Every structure is written in structure tokens, then in C-alpha cells.
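Worksheet: one structure, shown below.
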Amino acid sequence: MGVTLYRPGGNHLRRGIKCEAKVFDSHGFKTYLENGWFISPEDCQEPEKELTEVEIRDQAKTLKIKNWYNKSIDKLKAEIAACQQT
Numbered sequence: 121m122g123v124t125l126y127r128p129g130g131n132h133l134r135r136g137i138k139c140e141a142k143v144f145d146s147h148g149f150k151t152y153l154e155n156g157w158f159i160s161p162e163d164c165q166e167p168e169k170e171l172t173e174v175e176i177r178d179q180a181k182t183l184k185i186k187n188w189y190n191k192s193i194d195k196l197k198a199e200i201a202a203c204q205q206t
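Note that this note's numbering has the sequence shown beginning at 121, numbered continuously upward.
Here it is as C-alpha cells:
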């Protein structure tokens, strides 16, 4: 019986996530998990990189958020997230 496992990267798009999918024999299941393969594409997502203050301000400037230079980083993060959802 075969088991489909996923790994970050690759050029396949599964559930909106770029990953590599491969079917393995079920006998070495634990070994494959220890070697960097995951059960679902959601598990192999790379963690989001924390932006620096300068990058956040540059992004706010690019999105043309009013008074981006006077706002706190927390407020800018919230406004950037709101802009990206729409």
C-alpha cells in the first residue's frame, strides 16, 4: 500500500501550497517522516518570516497607508493585514 507524503519546495501546488508530493511504500513510513517528509501539505509550510521595522514601514509606504511614518508598528501591521485581505 502506498502513502503520499509532502516536502516543502518543488513545483506542485497542493491546496494552495507549493510542495513536492511523492508516493512511498508504507513499510518505511517513520523513516520518511524523520527525513523531512510530512503527512499533509499544510504541515510542510515554511514559517512566516518576521519583518523588521524598516520592512514594515516600506510595505506601508508602498500600500499608500496614510501617515505611515507616524503610526506604531503594531498599527501598521494591522492595516497591512487588512489591505492584503481585500
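Ideal Cβ placement from N, Cα and C applies to all residues, glycine included. This structure is a prediction, so every number in the text was calculated from the model and none was measured.
Minimum C-alpha distance to residue i - residue among the options
i      : options                           : result
PRO128 : ASP145, HIS147, LYS150 and SER160 : SER160
LEU133 : GLU154, TRP188, GLN165 and ARG177 : GLN165
ARG135 : TRP188, TYR152, GLU162 and LEU183 : GLU162
GLU175 : LEU196, PHE158 and LYS186         : LEU196
TRP157 : ALA198, ALA141 and TYR189         : ALA141
Exposure label - residue i; buried when at least 16 CB within 10 Å
i      : result
ALA180 : buried
CYS203 : exposed
DSSP state of residue i mapped onto helix, strand, coil
i      : result
LEU171 : coil
TYR152 : helix
LEU133 : strand
Proximity below 8 Å, CB of residue i to CB of residue j
i      : j      : result
PHE149 : GLY122 : no
TYR152 : LEU171 : no
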